[in-house]
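Note that the working numbering has the sequence shown beginning at 1, numbered continuously upward. C-beta atoms are modelled at their ideal positions from N, C-alpha and C, and glycine is treated no differently. Being a predicted model, the structure only gives us computed values, none of them experimental. What follows is a set of notes on a single structure, which appears directly below.
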Amino acid sequence: MSAHPVQTQPPNIARWASSCSGTTYLHERQGDAPGPDVLVTALVHGNEYSGATVVSDLLDSNWQPANGRVTFAFCNVAAFDRFDPLQPDASRYVDEDFNRVWSAERLDSSEESVELKRAGELRPFVARATHLLDLHSMHEPSTPLWVTGTLQRNIDFAQALQTPCQVIIDSGHQDGVRMRDYGEFASPEGGRIALLLEAGQHWQASSVAVAKNSLMRFLIQACSLAKADVPVGWLVPDGAPPAPVLVTDRVVAQSMDFAFTSDFTGGEVIAKEGTVIAVDAGHGIVTPYNNCVLVMPSVRQLRVGVTTVRLGRQVQ
Ligand SMILES: [Zn+2]
C-alpha cells in the first residue's frame, strides 16, 4: 500500500526537550487568575505531527492562559524522532501503541517498553488535569472528528465547540485503554473533560488548521481564556456540528488477509443492512443495520487484533 503524500514538514521540536517542569518535552503555562488545569497532548502517535506543529507554534509565541494552567506535552517523541517521509506510516510507535497502555494495571506493571516508560513520566500530569485535549490525525483523508467516549458531558462539550467535526461516541479499544479514558476521565462521577481530536490526514496542511482552531475553541470552552483574547489567525468562523455518531461495533482484523470491498475513507453511510464492506480471510464482514456509518476505515496498521473500522449510527 503506497503512503499518502507528506505535504507538511515535521516540526522542529528539539528546543522543547529541556523544561523547567522537570519532565522532558512538557511545558506549563500559568495564568494570573485561578481556573482550569488543561492538558494538551500531541504526538501520542509518532507520525501524527499536526498537533505538535500547533503546540510548538503556540509555545513559540509566548502565549499564556488568562485563567488556570495549561500544560503542553509532546508524548511519544521517541517514535516521532524516527519519522521518515519515505516510510511515513512506520513511526506510529516504537514498542507498542502509546494510546493503549492507560490502565493502572499496565502502568503499575513491571513490564518495560519505550511507551510505558514515557506514560509513567506523563501520568501525574494526566491524573491532575481537569481537561484533556489529545491532538491526533488520521491514516486516511477524512472529515475531522471528535472522539468523546460515551459520557454525556464530553459529548456536550464537543458539540458546544461549534466546529464542523463530527462527534464519535465510542467506548475504546479491545487491545488497551486510551489516555482519554484514563482514571477519572472515564468516571461518570465528577466533571473532568477529555476529548480526542482527529484533525484530518496526518500530513495535510488542512489538519494543522483544524488543530489550531480546535485547540483555541477547547481553551475558550474550558475558560482558560476569553474569545476576545485568542491570538490573531487561530480561529475560523463557527461551524455547524453534525449529528453525533454512536459507535456500536468494531471490526477487528482476524487475519492479515483483510481488505475492504471499496476505497472507503470514513463518513460513508451504507444504506442496506447486510452489505459486505470487507473480506477477512474469505469471511465477509457485513453492515449490521440500515444507514450504518463507517468511522475511520483503514488497513495501514493492519495486524491481527487491530481495529480496521468502527460502525455507528447517527444520533440526534
Ligand atoms: Zn492517533
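> Of all the alpha helix (DSSP H) runs that stay within the bounds of the stretch 5-80, which reach a length of 4 or more residues?
Replying inline: 50-60, 77-80
> What is the DSSP secondary structure of F83, reduced to helix, strand or coil?
Replying inline: coil
>> By the three-class DSSP mapping on this structure, what secondary structure does G120 have?
In response: helix
> With F74 and W16 assumed to form a contact (beta carbons below 8 Å), what rounded beta-carbon distance in angstroms separates them?
Replying inline: 6 Å
> Going straight from the alpha carbon of V269 to that of C292, what length do you get?
Replying inline: 5 Å
> Between Q166 and T143, which are expected to be in contact by the criterion C-beta below 8 Å, what is the C-beta distance as a whole number of angstroms?
Replying inline: 6 Å
>> What would DSSP say about R310, mapped onto helix, strand or coil?
In response: strand
> Should A281 be labelled buried (16 or more other beta-carbon atoms within 10 Å of its own) or exposed?
Replying inline: exposed
> How close, in whole Å, do the beta carbons of S171 and T150 come, if the pair is a contact with beta carbons under 8 Å?
Replying inline: 5 Å
> If you measure from the CB of H368, is any heavy atom of ligand 1 nearer than 6 Å?
Replying inline: One cannot answer for residue 368 here, as it falls past the ends of the chain, which runs 1 to 316.
> Should H139 be listed as close to ligand 1, given that the test is whether its C-beta is under 6 Å from any heavy atom?
Replying inline: no
> Which value, in whole angstroms, describes the spacing of the CA atoms of T248 and V276?
Replying inline: 17 Å
> Closer than 6 Å: is that where the CB of E48 sits relative to any heavy atom of ligand 1?
Replying inline: yes
> Does the separation of the CB atoms of P11 and A52 fall below 7 Å?
Replying inline: yes
>> Between which two residues does the alpha helix (DSSP H) holding L151 run?
In response: Element bounds for L151: n/a, residue is neither H nor E.
> Helix, strand or coil for L302 per DSSP?
Replying inline: coil
> Quick one: any contact between the stretch 207-216 and the stretch 121-141, if contact means 3 or more CB pairs under 8 Å?
Replying inline: yes
> DSSP puts D170 in a beta bridge; with which residues?
Replying inline: DSSP, once it has assigned bridges, lists no residue as partnering D170.
> Do you know offhand how far M179's Cα is from R92's?
Replying inline: 16 Å
> With which residues is L246 paired in a DSSP beta bridge?
Replying inline: I169, R313
> Does DSSP classify S255 as helix, strand or coil?
Replying inline: coil
>> Check this for me: beta carbons of H190 and E184, under 7 Å apart or not?
In response: What sits at residue 190 in the sequence shown is Gly, not His. Yes. Within cutoff.
>> As a quick exercise: from A186, I13, D89, Q201, pick the residue whose alpha carbon is nearest that of M296.
In response: Q201
>> Comparing C-alpha positions only, which one of G267, A271, Q254 sits nearest to I285?
In response: Q254
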